[in-house]
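Participant: Okay, handing you the structure first.
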Amino acid sequence: MCCAGRVNMPELTAAQQQLLSDHRLAWFAGRIIHDAQPPISDAQLAEVEQRLGSQLPRELVALWRCSFGGRLDYELCVDYDGHLHPYSFNELFYPDSDGYNDLWGWLAHEQECAEEVAEENGQEWDGRVGFLPIGGFEYLERIYVCVEPEEFGAIYAWSRALPPAWQLRLHEDALTRVADDLYGLFALLGFDEDPFAEGADAGQELLEALDELATSGAEGAALAQQLQDSLRPLVRDWRAALEQGRIAGEPELQRLALTHAVRSGDIALLEQLRDRDCDLGRLLTGGGNAPVHARVMQREVVIRWFAEQGVAEYQLDDPATRGETP
Numbered sequence: 000m001c002c003a004g005r006v007n008m009p010e011l012t013a014a015q016q017q018l019l020s021d022h023r024l025a026w027f028a029g030r031i032i033h034d035a036q037p038p039i040s041d042a043q044l045a046e047v048e049q050r051l052g053s054q055l056p057r058e059l060v061a062l063w064r065c066s067f068g069g070r071l072d073y074e075l076c077v078d079y080d081g082h083l084h085p086y087s088f089n090e091l092f093y094p095d096s097d098g099y100n101d102l103w104g105w106l107a108h109e110q111e112c113a114e115e116v117a118e119e120n121g122q123e124w125d126g127r128v129g130f131l132p133i134g135g136f137e138y139l140e141r142i143y144v145c146v147e148p149e150e151f152g153a154i155y156a157w158s159r160a161l162p163p164a165w166q167l168r169l170h171e172d173a174l175t176r177v178a179d180d181l182y183g184l185f186a187l188l189g190f191d192e193d194p195f196a197e198g199a200d201a202g203q204e205l206l207e208a209l210d211e212l213a214t215s216g217a218e219g220a221a222l223a224q225q226l227q228d229s230l231r232p233l234v235r236d237w238r239a240a241l242e243q244g245r246i247a248g249e250p251e252l253q254r255l256a257l258t259h260a261v262r263s264g265d266i267a268l269l270e271q272l273r274d275r276d277c278d279l280g281r282l283l284t285g286g287g288n289a290p291v292h293a294r295v296m297q298r299e300v301v302i303r304w305f306a307e308q309g310v311a312e313y314q315l316d317d318p319a320t321r322g323e324t325p
């Protein structure tokens, strides 16, 4: 996973903090939360710990003291044993949200699972769960904070499998550790494409929220500009790396450039990547390399180009493309 890095902002004044609050925005670990909920109260914090049966990591408390739930609009790619998965981390769960499930609902789900595991092992459940779900996307993705002593505060990502008809997607449920703590997780959030570019998808909800902030007088406009400026360093800019001749040493940027070339059928870009000694056969998302993606997208010209370069299809979960006997 490529770390987009931390972004430093000047200390916000009380007036700026109030502006953010008025527009349901929050700033945490160099990232912006929109549709931000009010900070957690002491009573709510005690209730979470009581239901969980454990104290909470300080990083999670810091997040919730900033915003007890909300939405994120960044991009994240999770590596599930080589299967690179575009991960939807849009929601920060909170009580009584209108999502697929709220914080209490997801915690109850984990409690039921923990009780079932205890019963299967012939044990009596102690009422505790080792992992607290704090965010994700509907029922398909969940981010967990570990509260077990051995990995206290570590962050895990879980994704639900989709049917085999969904090509280049996970076909088995997957779980992996993605960061040592919440700050490490937030440092992974960035943009694969410039959100300010025409036709961009990621970051648009966030930019709309900042546009609203910019209508709040001169101070609102200045603060919105500061926050917009904080987004620019988070772009994983493969174009700049290519122009500067350093893309051969940037595997994640190679992946993004190859993905763009296949989607757009850009043979000239593929030739540039080849001439810059990039690995044309590297895995892209979904456990498949660029020729696999070209076939799935029906990019016939791209398929032929890769064949001419001697780059064969490679699919992580397909023995035939790995030269193995099924």
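If you read the sequence shown in numbering that gives the first Met the number 0, its first letter stands for residue 0, the second for the next number, and so on. Note that the Cβ used here is the ideal one computed from N, Cα and C, for glycine as well.
Between the stretch 71-88 and the stretch 122-130, do three or more beta carbon pairs fall short of 8 Å?
Facilitator: Verdict: no, contact absent.
Participant: I need the straight-line Cα distance from A164 to Q203, nearest angstrom please.
Facilitator: Near 30 Å, if we compare the C-alpha coordinates of Q203 and A164.
Participant: For D172, which option in Q166, L161, D180 has the closest C-alpha, if you only look at C-alpha atoms?
Facilitator: For the residues Q166, L161, D180, the minimum Cα distance to D172 belongs to L161.
Participant: Using the beta-carbon count (16 or more within 10 Å), is E118 buried or exposed?
Facilitator: Exposed is the call here.
Participant: Note the first and the last residue of the continuous beta strand (DSSP E) segment covering Y86.
Facilitator: First-last of the beta strand (DSSP E) with Y86: 82-86.
Participant: Taking L158 as part of the beta strand (DSSP E), name the residues at either end of that continuous run.
Facilitator: In the sequence as presented, Leu is not what sits at residue 158; that position holds Ser. Segment 154-158, the beta strand (DSSP E) holding S158.
Participant: Inspect the beta-carbon positions of S96 and G68 and report whether they are closer than 8 Å.
Facilitator: Result yes, Cβ atoms of S96 and G68 sit closer than 8 Å.
Participant: For H33 and D274, I'd like the C-alpha separation in whole angstroms.
Facilitator: Taking the straight line joining both Cα atoms gives about 42 Å.
Participant: Considering only the alpha carbon of each residue, which of L169, Q15, L188 lies closest to L230?
Facilitator: Comparing Cα positions, the closest option is L188.
Participant: Rounded to whole angstroms, what's the CA-CA distance from R176 to F88? Just pull it up for me.
Facilitator: Taking the straight line joining both Cα atoms gives about 15 Å.
Participant: Distance check for D101 and A153, CA to CA, integer angstroms please.
Facilitator: C-alpha separation (whole angstroms): 22 Å.
Participant: Based on Cα-Cα distance, which residue from E109, Y138, G183, G286 lies nearest to P85?
Facilitator: Nearest C-alpha to P85: G286.
Participant: Determine, using beta-carbon pairs with one atom in the stretch 246-262 and one in the stretch 287-294, whether at least three such pairs fall under 8 Å.
Facilitator: With a cut-off of 8 Å, the stretch 287-294 and the stretch 246-262 count as touching, because enough Cβ pairs lie within range.
Participant: For E207, which of I142, I31, I133, P148 has the nearest alpha-carbon?
Facilitator: Of I142, I31, I133, P148, the residue nearest in Cα terms is I31.
Participant: Kindly indicate which residue of Q110, A61, L139 has the alpha-carbon position closest to the one of Y99.
Facilitator: It is L139.
Participant: Closest to H22 by C-alpha separation, out of D193, L272, S215, would be which residue?
Facilitator: It is S215.
Participant: Please list the terminal residues of the continuous alpha helix (DSSP H) segment that includes W103.
Facilitator: Run containing W103: 102-119, per the alpha helix (DSSP H) assignment.
Participant: Going by beta carbon distance, what residues of the same chain come within less than 8 Å of E211, once the five residues before and after it are set aside?
Facilitator: Excluding positions up to five away in sequence, the list reads H22.
Participant: Quick check on E147: buried or exposed, where buried means 16 or more other Cβ atoms within 10 Å of its Cβ?
Facilitator: Looking at its Cβ environment, which holds fewer than 16 other Cβ atoms inside 10 Å, E147 is exposed.
Participant: Measuring only from the beta carbon, is G280 closer than 7 Å to any heavy atom that is part of the ligand PLP?
Facilitator: Because no ligand of any kind appears in the structure shown, any question about the ligand PLP cannot be addressed here.
Participant: Taking Q227 as the reference, which of A14, S20, W26, Q17 has the closest Cα?
Facilitator: Of A14, S20, W26, Q17, the residue nearest in Cα terms is W26.
Participant: Would DSSP call Q308 helix, strand or coil?
Facilitator: It is helical.
Participant: Report all residues from its chain with a CB closer than 8 Å to the CB of A14; omit the five preceding and five following residues, and keep chain order.
Facilitator: Taken in chain order, the residues that qualify are E218.
Participant: Determine which residues share a DSSP beta bridge with C65 and list them.
Facilitator: Answer is none; C65 lacks a bridge partner.
Participant: If you count every other CB in all the chains shown that lies within 10 Å of the CB of D41, and 16 or more means buried, which is it?
Facilitator: D41 should be labelled exposed.
Participant: Closest to L19 by C-alpha separation, out of Q225, L272, G244, E307, would be which residue?
Facilitator: Considering only alpha carbons, the answer is Q225.
Participant: Which residues does DSSP pair with I39 in a beta bridge?
Facilitator: According to DSSP, which records beta bridges pairwise, I39 is partnered with nothing at all.
Participant: Excluding five sequence neighbours on each side, which residues of the same chain lie with their C-beta closer than 7 Å to the C-beta of H170?
Facilitator: Excluding sequence neighbours, H170 sits near A160, L161, P163.
Participant: Considering only residues of the same chain and omitting the five flanking positions on each side of A306, which have a CB-CB separation below 6 Å?
Facilitator: Answer for A306: no residue qualifies.
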